[in-house]
Amino acid sequence: MGRMLTVSRKAKLFWSVCVVGIILDQITKIWVYTSLTYNRDEITVIPGFLSIVHAQNPGAAWGILRDFEYRHYVFLTFTVIAVGIVIDLFRRLPKDDWFMSSTLGLILSGALGNGIDRAHKGTVTDFIRVYADSPSIKTWLIDTFGTNEWPSFNIADSALVVGIILFMFYYIFLEEEETDPEQVTDGDSPPPST
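Position one of the sequence shown corresponds to residue 5 (our numbering), numbered consecutively onward.
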């Protein structure tokens with residue numbers, strides 16, 4: 005009889021978050037791609053603030069490298085490297101670390117969600133449009149930032165951003181500092197003489 009394969013809770017959580025994130029990302033992108041006319045249709049969700057649109061981004065965030073001839077290869081290479089780093093970080097986690105398991109699952113789902121788009125069609129489907137239409141806020145944003153609209157994004161982008169914020173939060177506030185055993189002194193021992 006063969007040995008039964010057991011999957012740790014850490015692995016179940018990591019892969020569940022990753023797979024659910026990819027499925028949500030791809031389903032929403034397929035719906036947008038097939039239901040909304042590119043660069044024309046818009047569904048208002050919150051008037052003056054949030055809409056669903058159909059945009060195609062050939063570049064990275066904010067359209068970076070959109071005109072670079074070999075961007076497709078650069079982005080796919082970065083995706084492969086990111087996947088390798090996330091898997092390596094996941095393998096090093098303690099078996100009961102649910103926080104970082106889910107955080108790394110979010111990051112991986114974001115990287116793979118956009119990677120699937122780039123491998124399939126060379127662009128990433130974006131559809132969440134956040135903007136400010138209130139005259140006073142709009143004027144202030146345009147005067148301060150040059151625009152009143154955040155670049156359109158998608159579920160994969162959201163998963164990446166949330167995952168990276170949680171990752172940084174963990175390493176800044178939650179990670180227990182490892183103590184060097186040679187620097188630990190007994191509280192009762194007298195200080196060394198000089």
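The beta carbon of each residue, even a glycine, is placed where N, CA and C say it ideally should be.
It should be emphasised that the depicted structure is a prediction, and the values quoted were computed from it without experimental measurement.
Distance, residue j Cα to residue i Cα
i	j	result
F53	T10	47 Å
D45	F131	11 Å
M104	G119	22 Å
V36	R96	38 Å
V84	I47	34 Å
Y175	L93	13 Å
CB of residue i within 7 Å of CB of residue j, strictly
i	j	result
A163	N152	no
L112	V166	no
N1	V134	Outside the displayed range of the chain (5 to 198) lies residue 1, so it cannot be described from this structure.
S12	K142	no
V21	S156	no
L178	W102	no
Backbone secondary structure at residue i - three-state DSSP
i	result
N274	Residue 274 lies beyond the residue range present for the chain, which begins at 5 and ends at 198; the question has no answer from this structure.
F59	Reading off the sequence shown, one finds Ala at residue 59, where the question assumed Phe. Three-state result, A59: strand.
F53	coil
V23	helix
F18	helix
T48	strand
V84	helix
L40	coil
Supposed close pair residue i, residue j - CB separation, criterion 8 Å
i	j	result
T32	I159	6 Å
G25	G126	At roughly 22 Å, the Cβ-Cβ gap does not stay under 8 Å, so G25 and G126 are not in contact.
A15	L80	Wrong, their Cβ atoms sit about 26 Å apart, outside the cutoff.
Boundaries (first-last residue) of the alpha helix (DSSP H) holding residue i
i	result
F177	Taken as a continuous stretch (DSSP letters only), F177 belongs to no alpha helix (DSSP H), as it is neither H nor E.
T143	139-149
Where the beta strand (DSSP E) containing residue i begins and where it ends
i	result
P155	153-157
Y135	128-135
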